[in-house]
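Residue numbers (my numbering): 638 to 1316.
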């Protein structure tokens, strides 16, 4: 049986032939790719040629190219279009991938060659990019145990093997627990307060799950968030809140408490084997932030600015709710009453805004922004295969007609897709055998689906989410370099959010909104009055939101700064870690827990790195002040950002790149001004 994963992809631009790829192809493809990587490593190991940058460092860079191709397709499907079989395959192959990584990075003969080249770096006359690759390669080996004893290497292999499967298990539990809950409503009177579009979507869901004539609400964000925001039925809000907050925390088959304890312990054990005081110390060796203490100081500084504002904001919402007749305000009431106060204070209503944010219009808007800033054009393609009928594809070209990237967009929730929104790549940018390979980039979201009577209409928060993920996509699309491990989003983790977060700023500008914010029925441009209200409301509850993000960052660092890695009780640990950010007027609810569904740090790549969102906000606020000063579509400023940030990836130190763009180091004042926390 021929395996399409092992053939050269013949699709347009070398895209993946999804219709030909079957689940049974993955295990043989992984095995072949791993075998090929081993053979390539053996050639380097046994070569009698004098080790050079080209025959060792560059060859190492490409030794797993086939594996990267197979992995890129498989793990993206495991996130966006998974099933039990794919999850089973993931559990089988992850230990193999971990073992291969260790076979390379713990190989004494290979490391000896890398080390000999590294010691000559000052006399090798390498380009900036080549020097960076050498530095990265050497650091990859040393940070992953190349200098350990044989006994310690065996221990590390064992730890990595367990960790590779535990993060998958964590994610599978979150997805299963999310999909397991459905709230079926039979009486329409219980849906008072919900917009018609939300009710229509719930009726459509009911029809899909065999409950026609009823309304079904799920824990997927497009269902959960509107319910918690608008439903007047307080008992049902509490039911939804407790279901969401107790995912993987109920002692059932999807409970993640033990998984969290094991992951934290094993990460700590890994750090200790490698000679670090904690897992956070280990992670921050490859970050902009210099140390865990620096991260804590950064978060505490933000907390000091945000906490008083947050307390005042919560008091305001509670006072408003009680003036409206509420006897008490619990966490399941927060979204409901804060939305009502926002609507009254700013005369702004998400439901009134949504008709101006038809998904297709917003997508065209972000394309137009990319065109004005960076000269990019997006042409929809019907001849590029996709993995699900919801996915749409585009060819991206520059102002000279040069092919830049393939762009996939996957916008709607489904049971086979994990929650949230993310950008990913099926193929990165690099040069292979002297020929350039342009990237295949994808963004995956969970927006409200079209109904029988309405298109997909986005909340303003979803508009900013789309711009955010598209900012990541631009980072991937505009990559220019020789080595995939240094291009696109292959940057320090606390720098990777700069391109995404900075693009969100354009959503608040009249000049941008005029390009796409048009009523889906009348074509009327969004009124200036509404734009003024969006801007005025931008800092509403910003103290609370900042404190919330800081609390997540502190929780993450608390897990990963532990001296012994031991967590006796996940609930108690979480409460202790977040206690400094607690708000007395809005106490914790018993029976709910965030850690067990905190996919960013236990499934994704944000372990000891959740602070990156706020860290990058400092960068993005500071960067956008320059755009505001010069003009938000100023070509010179945009070109500088493209050349020094978007196109350079990880080819140079991020602070060097930032200062080359900005002319100075970032200042936190810009963020505090934007958040309304500094006058």
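We put the CB at the ideal spot given by N, CA and C, even for glycine.
Quick caveat, the model's predicted, so the values are computed rather than measured.
- Beta-bridge annotation (DSSP): residue 820 is paired with 854.
- For residue 1011, the closest C-alpha among the options 1276, 714, 905 is that of 1276.
- Each residue's CA atom was taken as its position, placing residue 1031 and residue 1043 some 6 Å apart.
- In the three-state reduction of the DSSP assignment, residue 801 falls in the helix class, which pools H, G and I.
- Here residue 901 carries a helix assignment [DSSP, helix/strand/coil].
- In the structure shown, the three-state DSSP call for residue 1024 is coil.
- When secondary structure is reduced to three states using DSSP, residue 791 falls in the helix class.
- By the 16-neighbour rule on beta-carbons within 10 angstroms, residue 1164 is exposed.
- The C-alpha of residue 723 lies about 25 Å from the C-alpha of residue 888.
- Cβ-Cβ separation between residue 1149 and residue 1282: approximately 20 Å, too far for a contact (criterion under 8 Å).
- Per DSSP, the unbroken alpha helix (DSSP H) holding residue 668 starts and ends at 663–683.
- 1154 is the residue among 1154, 800, 769 whose C-alpha sits nearest the C-alpha of residue 990.
- Distance from the CA atom of residue 1070 to the CA atom of residue 687, rounded to whole angstroms, is 21 Å.
- When DSSP states are grouped into helix, strand and coil, residue 1094 belongs to the strand group.
- Residue 1045: member of the beta strand (DSSP E) spanning 1040–1047, first to last residue.
- Distance between residue 1086 and residue 999, taken at the CA atoms: about 15 Å.
- 893 is the residue among 879, 893, 862 whose C-alpha sits nearest the C-alpha of residue 885.
- For residue 1143, the three-state secondary structure derived from DSSP is helix.
- DSSP places residue 1194 in the uninterrupted alpha helix (DSSP H) bounded by 1179–1197.
- Of the candidates 1039, 1045, 711, 711 places its Cα closest to the Cα of residue 725.
- For residue 716, the uninterrupted alpha helix (DSSP H) segment begins and ends at 702–717.
- Beyond the five residues adjoining it in sequence on each side, residue 1134 comes within less than 7 Å, by CB distance, of 1249, 1250, 1253 in the same chain, given in chain order.
- When the beta-carbon positions are compared, residue 1063 and residue 1077 come within less than 7 Å of each other.
- In this structure, 1019 is the residue among 1035, 1019, 1260, 1038 with its C-alpha nearest to the C-alpha of residue 1029.
- Excluding residues up to 5 positions away in sequence, 662, 665, 666, 669 lie with their Cβ nearer than 8 Å to the Cβ of residue 640 in the same chain.
- Around the CB of residue 649, fewer than 16 other CB atoms lie within 10 Å, so the residue is classed as exposed.
- With respect to residue 950, residue 771 sits apart: the two C-beta atoms are not nearer than 7 Å.
- With at least 16 other beta carbons inside 10 angstroms of its own, residue 1255 counts as buried.
- With 16 or more other Cβ atoms from the protein chains shown falling within 10 Å of its own Cβ, residue 828 counts as buried.
- Rounded to the nearest whole angstrom, the C-alpha separation of residue 746 and residue 912 is 22 Å.
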